[in-house]
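*Asks:* Let me give you the structure first, and then I'll get to my questions.
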Amino acid sequence: MSALLDGLAVNPAAPADLLLRLLREEYESAWYVLASRRASFPEQVTAAIVTHPHPRVRGALARNPFVDPEVRGLLVDDPEWLVRARLVGRPDRTRPVRPLPDWVIDRMLTTYDHDFLSELLVSRQIPFRLRRSYGSHPMASIRQMATGMWTLLSEDERVALLRDPHPRVRASAESMLETDDAEAMERQLGPLPVPRNHGTALILVNYRLSRTVVDWLLRDPHPDNAWVLAHNHSTPPDVVAGLLAHPDPKVRLELARRAHLAPALVEALARDLDPRVRTAISLRPELTEDERAAIDYTVNADEEFGPVEHHAVAAPDPAVSAGYARSRHPLLRRRAAQDPALPAELVAQLARDDDLGVRVLLAHNHPAPPPALLLRGYLEQRGSARDLLTEHPRFPVAGLGARFADADAPDERRLAVLDPGLASGTADRLTRDPDPAIRAGAARHPRLPGGRLLALLDDEELGEHAAANPALPVTVMRGLLTSTAESSDKR
């Protein structure tokens, strides 16, 4: 019976009083599904979950990836540390995370301890625009966090942090200023050779290096040194040039990705034996379209294309995106396709693009993709993100039943059960489909004949999905609750 309770817990037509009953002790097996898998709750049910005496219920809501983040945020002051820990963590690794409301994040920043905040910072639940504002926050500890975005700050913002009234903020800003001071970094590393750990690796890879340290890296036999020098922005030009013939293609690939590279090195790497290196060179901004076209680059059509968490990163430059959209290079057009602010004219252009990655990335990332593009993207894409396209509000569901119910491919027949106008007989037939996902979708379809729906409640496999069907009469829902409670009492 627990499977039936799980189905009732997510049934969109379940009335509030029934959901409140599910929160009682005798229905404990349904607590997790109720709190963590529903996309919305009646107001009184939300209140009951947020104040539920058992932290497992509140913790399940904290990790719910479907519900509005504003609802999750109601748990920000929960008395149980485990609930708060689940709130700061990413809700679901398989879905794009949505940002928490500003008021929730500010409450966390001003009341949570360091470990919780560390988890919050990597959860991608903080909007980039909010992080950019930390330099002017009234709390010194949050202004100190702004120094972690040093390279993204304006000169005025850096000066303000260097002159901050709080000594910890000033010290943090000064330490960031020193990352561009080779002598300061050499002192921080200490006597050579330096031990290899997280702290020294951070300096060697990202901060300005003195010639003494660079020469030591050239002499030291550590296998990662060449890559470090290829990556570090401060590596002297003569050392960069000397890495051109390095036997490890990962080193040459890192050279190709450097922000600044001499034209002669660009020209040489454009002829590299490794296609990844040539492809990286072909994307350099200083090249003309003809120069890109002359490079033998490769385009991978088997990548895992999906949505980008746009709120967590800086917005693309509209002019750059427009240039990418008009490029002859498909990998640059793919970059443009990820810009949610791309104007309608360019959206229409990229929706007709001959590159699968361009079309699918546009479908996943633009707020208003053409409905036909969403369907085409689902049919053409392979990978874990394709099902997210069917959840887009513009996905064209009308008529899918007639078009796909008899398709040979199971992933196409699955589209049929998305059609709200699916014929009742077809829904009945699809509950017997060889594919389990199609059977489950058909069992949840509101056009499923009533007799078949009630019969499926006794089906070991499909009972849970039948209980989640919004067409299930409320009297039957209540009866399932009563029989489950009676069964529990007998045990």
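In numbering that gives the first Met the number 0, the protein residues as written are 0 to 490. Beta carbons: idealized from backbone N, C-alpha and C, even for Gly.
Here's the rule I'm using: 16 or more other beta-carbon atoms within 10 Å means buried, otherwise exposed. How should aspartate 155 be labelled?
*Replies:* Exposed: under 16 other Cβ atoms inside 10 Å.
*Asks:* Taking the beta carbon of leucine 18 as the centre, do at least 16 other beta carbons fall within 10 Å, making it buried, or is it exposed?
*Replies:* Classification of leucine 18: buried, given that the 10 Å Cβ count is 16 or more.
*Asks:* Just to confirm before moving on: does the CB-CB distance between alanine 15 and valine 44 stay below 9 Å?
*Replies:* yes
*Asks:* Alpha carbon to alpha carbon, how far is arginine 130 from alanine 145?
*Replies:* 7 Å
*Asks:* Would you mind working out which of Asp76, Tyr111, Ser122 sits nearest arginine 92, comparing C-alpha positions?
*Replies:* Ser122
*Asks:* Specify, as a first and last residue, the run of the alpha helix (DSSP H) that proline 409 falls within.
*Replies:* 409-415
*Asks:* Who are the near neighbours of isoleucine 280 in its chain, counting only those whose CB is closer than 7 Å to its CB and skipping five residues on each side?
*Replies:* Ala255, Val265, Leu268, Ala269, Ile294
*Asks:* By Cβ distance, which residues of its chain are closer than 8 Å to asparagine 288, with the 5 residues on each side in sequence left out?
*Replies:* Looking at the sequence provided, one finds glutamate at residue 288 rather than asparagine. Once the five neighbours on either side are set aside, the close Cβ partners of glutamate 288 are Ser326, Arg327, His328.
*Asks:* Would you check if there are 3 or more beta carbon pairs closer than 8 Å linking the segment 438-446 to the segment 403-420?
*Replies:* yes
*Asks:* Using the Cα positions of valine 276 and leucine 243, report the straight-line distance between them to the nearest angstrom.
*Replies:* 11 Å
*Asks:* Mind pulling the alpha helix (DSSP H) runs of 4 or more residues that sit fully within the segment 279-324?
*Replies:* 288-292, 317-324
*Asks:* Which class does asparagine 468 belong to by DSSP, given the choice of helix, strand or coil?
*Replies:* coil
*Asks:* Can you name, in chain order, every residue of its own chain whose Cβ lies under 6 Å from the Cβ of isoleucine 492, other than the five neighbours on each side?
*Replies:* What the structure shows of the chain is the stretch from 0 to 490, and residue 492 is not part of that stretch, so it cannot be assessed.
*Asks:* Cβ atoms of glutamate 303 and alanine 362: under 9 Å apart, would you say?
*Replies:* no
*Asks:* Are the beta-carbon atoms of leucine 4 and valine 32 separated by less than 9 Å?
*Replies:* yes
*Asks:* Would leucine 99 and glutamine 124 qualify as a contact pair, given that the criterion is a beta-carbon distance under 9 Å?
*Replies:* The Cβ atoms of leucine 99 and glutamine 124 lie closer than 9 Å to each other.
*Asks:* Taking C-beta to C-beta, are leucine 22 and valine 56 nearer than 9 Å?
*Replies:* In this structure, the beta-carbon distance from leucine 22 to valine 56 falls below 9 Å.
*Asks:* With 16 as the cutoff for other CB atoms within 10 Å, does methionine 138 come out buried or exposed?
*Replies:* exposed
*Asks:* Within the segment 200-229, note down every full alpha helix (DSSP H) run reaching 4 residues or more, in order along the chain.
*Replies:* List check, alpha helix (DSSP H) in window: 210-218.
*Asks:* Would the beta-carbon of arginine 402 fall within 9 Å of that of leucine 414?
*Replies:* yes
*Asks:* For a test of the three-state rule: what should DSSP assign to alanine 181, helix, strand or coil?
*Replies:* helix
*Asks:* Residue range of the alpha helix (DSSP H) that histidine 113 falls in?
*Replies:* 113-121
*Asks:* How would you write the range of the alpha helix (DSSP H) that arginine 57 sits in, first residue to last?
*Replies:* Segment 54-61, the alpha helix (DSSP H) holding arginine 57.
*Asks:* Could you spell out the range, first to last residue, of the alpha helix (DSSP H) harbouring alanine 34?
*Replies:* 30-36
*Asks:* I believe arginine 157 touches aspartate 163 by the beta-carbon criterion, under 8 Å. Please report the beta-carbon distance rounded to the nearest angstrom.
*Replies:* That belief does not hold up - the Cβ atoms of arginine 157 and aspartate 163 are roughly 11 Å apart, past 8 Å.
*Asks:* Where does serine 39 sit, in a helix, a strand or coil, going by DSSP?
*Replies:* Reduced to three states, the DSSP call for serine 39 is coil.
*Asks:* Apart from the five residues on each side of it in sequence, which residues of its chain come closer than 8 Å, Cβ to Cβ, to phenylalanine 40?
*Replies:* Leu18, Ile48, Val66, Val70
*Asks:* Where leucine 373 and leucine 461 are concerned, what is the direct C-alpha to C-alpha distance, given to the nearest angstrom?
*Replies:* 29 Å
*Asks:* Quick check: what's the CA-CA separation for glycine 88 versus glycine 241?
*Replies:* 44 Å
*Asks:* Going by the beta-carbon positions, is the gap between glycine 105 and proline 126 smaller than 9 Å?
*Replies:* In the sequence under discussion, the amino acid at residue 105 is aspartate, which differs from the glycine named in the question. Going by C-beta atoms, aspartate 105 is not nearer than 9 Å to proline 126.
*Asks:* Check each candidate in Val193, Leu216, Asp214, Met175 and name the one with the smallest Cα separation from tyrosine 206.
*Replies:* Met175
*Asks:* From which residue to which residue does the alpha helix (DSSP H) around arginine 428 run?
*Replies:* 423-429
*Asks:* Apart from the five residues on each side of it in sequence, which residues of its chain come closer than 7 Å, Cβ to Cβ, to valine 307?
*Replies:* Gln337, Asn364
*Asks:* Please report the straight-line C-alpha distance between leucine 480 and glycine 58, rounded to a whole angstrom.
*Replies:* If you draw a straight line from the Cα of leucine 480 to the Cα of glycine 58, it comes to about 24 Å.
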